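In UniProt numbering, the protein residues as written are 1 to 213. C-beta: ideal position from N, C-alpha, C; glycine also. It should be emphasised that the depicted structure is a prediction, and the values quoted were computed from it without experimental measurement. Notes follow the structure.
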């Protein structure tokens, strides 16, 4: 009887992984010796690293999601060899639903963070409401000659900022009843979205956005 309980759980974990399509990931994190559970880059070293040219002000990120929903965060470290991830490129908490491909056509880099020829590493983190995180990394070189991929498109995946839709619904409802929302009502709508997910979301945010070393 136990096997019927354990096996579906294992299957769920297996499908929770993802592929980093663009920029090209450092290496196959499904290969022997690698594991997306291992911080910071799935135990994939830079020994055979490939580097993708990326625009100075930021560029596209393309992720193939294997799970029906997840939170995600994208961090960056400037440097060549295993740089520390000192900045996040997704300051707001994102949630995706649906199996398929997520294309972020323009992920902006803060002004002055990088210059022509700088090497860096992007760290993509996906995580659930309990804080369990998966990692992949892509090594890049900032260049004015970088060209975004022509085949980057979102297919089968919906990407939303957590709290944004709750706040919009609250505003739309208030407008329908001819009552302008107060600041406390708008804040409450966004807070309710986080509150409904519970303490696990707080843990997940800590894992995905605040793991800067």
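Check                                                                                                                                                      : Outcome
For residue 39, name the three-state secondary structure that DSSP assigns.                                                                                : coil
Would you kindly check if the distance between the Cβ of residue 110 and the Cβ of residue 22 is under 7 Å?                                                : no
Keeping to the same chain, check which residues put their C-beta closer than 7 Å to that of residue 57; ignore five residues upstream and five downstream. : 108 and 109
From the DSSP output, in three-state form, read off residue 233 for me.                                                                                    : Shown here, the chain extends from 1 to 213; a query on residue 233 therefore has no answer.
From the DSSP output, in three-state form, read off residue 137 for me.                                                                                    : strand
Work out the CA separation of residue 77 and residue 87 for me, nearest whole Å.                                                                           : 7 Å
Could you round the C-beta distance between residue 91 and residue 60 to whole angstroms and report it? I think they count as a contact, below 8 Å.        : Their Cβ separation, rounded to whole angstroms, is 18 Å, which puts residue 91 and residue 60 out of contact at 8 Å.
Within 10 Å of its beta-carbon, does residue 155 have 16 or more other beta-carbons around it, so buried, or fewer, so exposed?                            : exposed
Spell out the partners DSSP gives residue 96 in its beta bridges.                                                                                          : 70 and 159
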